[in-house]
Amino acid sequence: MLKDLRSFLQVLEERGDLAHITEPVDPRFGVAAGMQRTSSIQGPALWFDHVVGSSMPVVGALYAARRRALWGLETTPSELFDRFVSGLKHPLPPRLVSDGPCKEVILAGDDADFGQLPVCTHNRKDAGAFITMGLQIARHPAYGSNVSIHRMQIFDARTAGMLCVQPQHLGVYYAEAEARGEPLEVAVALGCDPYTTFCSQVQGSIYLDEFAVAGGWMGEPVELVRCETIDVAVPATSEIVLEGELLPGERRWEGPFGEYPGYYSPAGPRPVFKLKAITHRRNPIYLAGMAGMPPTDNHGMKDIPFEAMLYDRLRQICPTIRDVCSTIGGVCKHVVISMRPTYLSQARDVLLAALTTERIRPKLVIVVDEDVDARDPVQVEWALATRFQADRDTVVFPRAVAQWLDPSTPLPDIGTVMGIDATRPYGQPFWEKVDVPGADSFVIPGWTDQ
Ligand SMILES: Cc1cc2nc3c(=O)[nH]c(=O)nc-3n(C[C@H](O)[C@H](O)[C@H](O)COP(=O)(O)O)c2cc1C
Ligand SMILES: [Mn+2]
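Counted from 1, the sequence shown has number 240 at position 194 by our numbering; the numbering is strictly sequential.
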């Protein structure tokens, strides 16, 4: 099991999927430029040895390529969803341990300063530098522990904005604490192993402890250590931990920031995080990650849990679902489902179920037959071109719940969703698809034999 960021980086190093940038790089746009470039060519993860103004190396674009996410979760494309679902069904609660590497250096009070971190500025019009890959960990007296990721805009040495709004669980925790006039203690773990990193993206029940899902995936509990200044426990092997609290009754203007739909999300009044301590490993590695135009870390990390949870849900009504793909250009809003329909209208049932999920809501769902690779845009378009008639096979729901940050919606959070049934008419004769015997296995030297 990969139990920390370092062992994952070791795997990437061995597979030639981690490139070292040795020349000095500016944390303002420079690191982001590298991350964006390698993401768009699906190149390696990047290790920046020398980020100007900091002694910490920066690693970025770790999850911008799906292959790396699979290596991190130590699984294969064909096993991914089943492993994911089995972690959800068999969670293992985390274990508290007395000490861990993330305590090797402890900086509390005035010694803790965001300026110690190489926090990067990504996009031309971003309001400033943002921490984008921190796991926010918080506790609630009734709901338990929560793990999620929320961007943080650095305001000054010990103050940051945090984008955590309801119905996100951290937003709920904060709203309830604020209603009692209390701060919400929050720890931010930066640079964790792939399992705890991915558990942050499980959109489960508010009672779910995401660390227990990570434990389920690993087959052993995640080890946590208590924070120094707040009553929260964090992964023991985190590279860096920020301890602090969200202040009640305070808002500061946060944003704009280049978000995952590929647009600047507008500025607004947001909760304020007050830093109380920083703890870190010796020679810590700072983890950066892009949102913005896909593909990026943000999309890569959201797509897999989104697909796996939809897969699990849809398999309840259709066990012959083959694949669920959150398409790259669809920025976590477009889903292609391949399936083998076993009765008339089943493809439509699946389509409707996918469009009416709870927190993970697609805007467009395309259902294709099993012979179409849902991950190949050419094949999906071919199915649309040859198996789909718009008047017969389209369903449109106006005024559904839309994803926040979709700039095309007429009202905030309200928008139209659409389903397309591009499966062959069930049970009717249909033209036969061409095939060439031996084409898939034909070896072209230097091309198909690597
Ligand atoms: C890199 C990255 C950055 C994210 N930033 C934010 C953010 O700033 N605000 C937010 O509400 N969700 C953000 N998310 C999505 C949440 O982390 C995600 O929806 C999570 O599952 C919410 O957890 P919850 O189900 O416990 O509420 C981000 C996701 C990723 C992968
Ligand atoms: Mn949660």
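We put the CB at the ideal spot given by N, CA and C, even for glycine. Note that the structure is a prediction, hence the values are computed from the model and not measured.
Asked, Found
"DSSP three-state assignment for residue 415, whether helix, strand or coil", "strand"
"Endpoints, the beta strand (DSSP E) within which residue 201 is located", "198-202"
"Those residues which DSSP pairs with residue 194 across a bridge", "182"
"Where residue 122 falls, given that 16 or more other Cβ within 10 Å makes a residue buried", "exposed"
"Nearest neighbour of residue 96, chosen from 397, 107, 323, 73 [CA to CA]", "73"
"Inter-stretch contact (C-beta, 8 Å, three-pair minimum) for the segment 131-146 and the segment 260-267", "yes"
"Distance cut-off 7 Å: residue 390 Cβ against heavy atoms of ligand 2", "no"
"Any non-hydrogen atom of ligand 2 closer than 7 Å to residue 513 Cβ", "An answer regarding residue 513 cannot be provided, because it is not within the stretch 47 to 496 covered by the chain."
"DSSP bridge partner residues for residue 384 (one or two, in chain order)", "369, 414"
"Burial state of residue 253 (16 or more Cβ within 10 Å)", "exposed"
"Any non-hydrogen atom of ligand 2 closer than 7 Å to residue 252 Cβ", "yes"
"Run of the beta strand (DSSP E) containing residue 325, from where it starts to where it stops", "314-326"
"Pick from 262, 204, 217, 116 that is closest to residue 196, judged by C-alpha positions", "217"
"Contact test: residue 194 Cβ vs ligand 2 heavy atom, cutoff 7 Å", "yes"
"Counted within 10 angstroms of its Cβ, other Cβ atoms place residue 163 as buried (16 or more) or exposed", "buried"
"Residue 60, DSSP secondary structure in three states", "helix"
"Close Cβ partners of residue 401 (< 6 Å) along its chain, the five nearest in sequence each way excluded", "411, 463, 465"
"Distance between residue 433 and residue 366 (C-alpha atoms, nearest Å)", "19 Å"
"Closest Cα partner of residue 159 within the set 64, 201, 105, 111", "201"
"Range covered by the alpha helix (DSSP H) that runs through residue 464", "Careful: residue 464 lies outside any alpha helix (DSSP H), inside the beta strand (DSSP E) at 460-467."
"Residue from 369, 406, 443 whose Cα sits closest to the Cα of residue 426", "369"
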